[in-house]
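Asker: In this note's numbering, the protein residues as written are 454 to 612.
#1: Tell me which same chain residues have a C-beta within less than 8 Å of the C-beta of residue 487, skipping the five on either side of it?
#2: Between residue 586 and the rest of its own chain, which residues show a CB-CB distance below 7 Å, the 5 nearest in sequence each way excluded?
#3: By alpha-carbon positions, which one of 473, 466 and 494 ends up nearest to residue 479?
#4: Would you tell me roughly how many angstroms separate the C-alpha atoms of residue 496 and residue 463, rounded to the nearest one?
#5: Do the region 532 to 541 and the region 553 to 569 make contact, defined as three or more Cβ pairs closer than 8 Å?
#6: Run through DSSP, which three-state label would residue 600 get?
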């Protein structure tokens with residue numbers, strides 16, 4: 454593979470501070486003489502670790518979980534660079550007796566080439582039993598709407 458380089462990075466870490474944190478990072482990059490591309494994922498869970506009398510971990514109760522993804526593409530000939538970034542944090546999750554998610558607070562964004570395309574926050578639930586997202590607000594540069602309105606408008610569910 455002359456002139457080509459591929460690389461995979463993984464990182465799993467655990468921080469024990471005031472609040473425990475478990476983090477998983479994964480990255481993949483590929484480069485040629487003409488350009489390069491990379492993609493990365495990051496999952497972070499903040500919470501409390503339960504330990505037994507011997508200090509072995511027996512459980513982890515997450516307070517919040519953040520998922521992030523990035524994509525970068527570069528063309529060495531035209532010097533064009535493009536990127537996409539997504540991040541969402543889920544917190545205060547409530548589960549039913551069967552472990553199904555009933556509601557969770559969400560906060561996040563989508564950026565394209567470093568510019569916010571949309572930010573969002575609110576409580577994700579399906580209290581009205583039609584289409585989720587009535588309590589999650591989406592903030593675009595030119596308008597604000599709920600996630601439910603956006604999903605209906607784009608044909609992902611019906612009212």
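Quick reminder that beta carbons are idealized off the backbone N, C-alpha and C, glycines included.
Answerer: So, from the data block:
#1: So the list reads 528, 529 and 530, once near-sequence residues are dropped.
#2: Sequence-distant Cβ neighbours of residue 586 in its own chain, meaning closer than 7 Å and more than five residues away, are 577, 599, 600, 601 and 604.
#3: It is 494 whose Cα lies nearest to the Cα of residue 479.
#4: 12 Å
#5: Touching, per the Cβ criterion.
#6: helix
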